[in-house]
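Notes follow the structure.
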Ligand SMILES: [Zn+2]
Ligand SMILES: [Zn+2]
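Numbering (this note's numbering), first residue to last: 7 to 374.
This is how it looks when you write it as structure tokens:
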């Protein structure tokens, strides 16, 4: 008690603003006049600082936010020195009080909420010199599930990364992180960036296809994570150069486990000799088979659920497979690498895949 009274007396030697005084002691005594010893007037302009925070936040669509601050070390040093002398311990520090006060003002101005764990946006206020402040904001990445259909041949599925930033997004690649936009990935990336006003989308595809393949039916599902989106409820649907893509839903996050899926593929294969009726029967017998092959030095097994086959020219056949996702079609026909069974071995003649088109992709489990 005696100590506390002594501290209060000593506190009178300092000129402190209302806020800086409240952090040291539970007293409402107020000193007017001289500049605050600790903050040097920083708290006198809370409304001005809140205005800067608001201007940075307003570039984003958000429901929740978190405010951070970077303050000059001198502010902490002055408060520490005062507290050491007056034996004041365990009270809120200047940064917490500042960000809390600014949070209250931003809530009042925007009706949005503070979230300490997973805010939509983080606003940082940098106090450069006494009173000179700068606010910047950044948003939490946005995850979406989409689908695309590819009705024209000749467009690769994936795009090389930008050589300058290796995918992070820079001025050279217009923030996309990609080396160009001449692919399914590039075109969807361009539209996603436009819809979200974000940057550098990262894709996870449910399976892959060839440059010459079509993707039909309901299309191929994919996930994308977009950095620094300004829009959190994007809508995207486009048709361009044979590609039709859309956002199906906005997700909490991209699932981190590999999705299980099945694919219906229509293959046109060419054989080194004429295709016989017996060959067609052999191809149909693939229904129910389990195809084993080496994948990243492990043995992978993919089930063929159904197989339809017909002759499609003198030495060509059409084979339609409904199989587990991830079966390498070209190797399955050609049989160059270890794969059991494979079509070349089955027919006892060298075969190759001319084209394969994806008729349907069924996603079985994709929840995070
Ligand atoms: Zn102060
Ligand atoms: Zn780049």
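We put the beta carbon where it would ideally sit given N, CA and C, even for glycine.
What you get when you keep residues with a C-beta closer than 5 Å to any heavy atom of ligand 2 is 168, 170, 171, 176, 178, 179. Apart from the 5 residues on each side of it in sequence, residue 61 sits with its Cβ closer than 8 Å to the Cβ of 141 in its chain, given in chain order.
The residues 76, 140, in chain order, have a CB closer than 6 Å to that of residue 132 in the same chain once the five nearest residues on each side in sequence are set aside. Among the bridge pairs identified by DSSP, residue 152 is matched with 228, 253.
For residue 296, no alpha helix (DSSP H) segment is defined; the enclosing uninterrupted segment is the beta strand (DSSP E) at 296 to 301. Annotation: the continuous beta strand (DSSP E) that includes residue 145 extends over 138 to 145.
For residue 277, the enclosing beta strand (DSSP E) begins and ends at 266 to 277. In terms of Cα proximity to residue 29, the closest of 260, 317, 88, 119 is 88. Chain-ordered, the residues whose CB falls short of 6 Å from any heavy atom of ligand 1 come out as 22, 23, 25, 26, 42, 44, 45, 49. Under the three-state reduction of DSSP output, residue 173 falls in the coil class, being neither helix nor strand. Per DSSP, residue 217 is not a residue of any beta strand (DSSP E), being assigned neither H nor E.
In this structure, residue 324 places its C-beta atom within 8 Å of the C-beta atom of residue 274. Under the 10 Å beta carbon count, residue 134 is surrounded by fewer than 16 other beta carbons and is classified as exposed.
Residue pairing of residue 358 in beta bridges, as defined by DSSP: 276.
Taking the Cα of residue 73 as reference, the smallest distance to any Cα among 86, 59, 85 is reached at 59.
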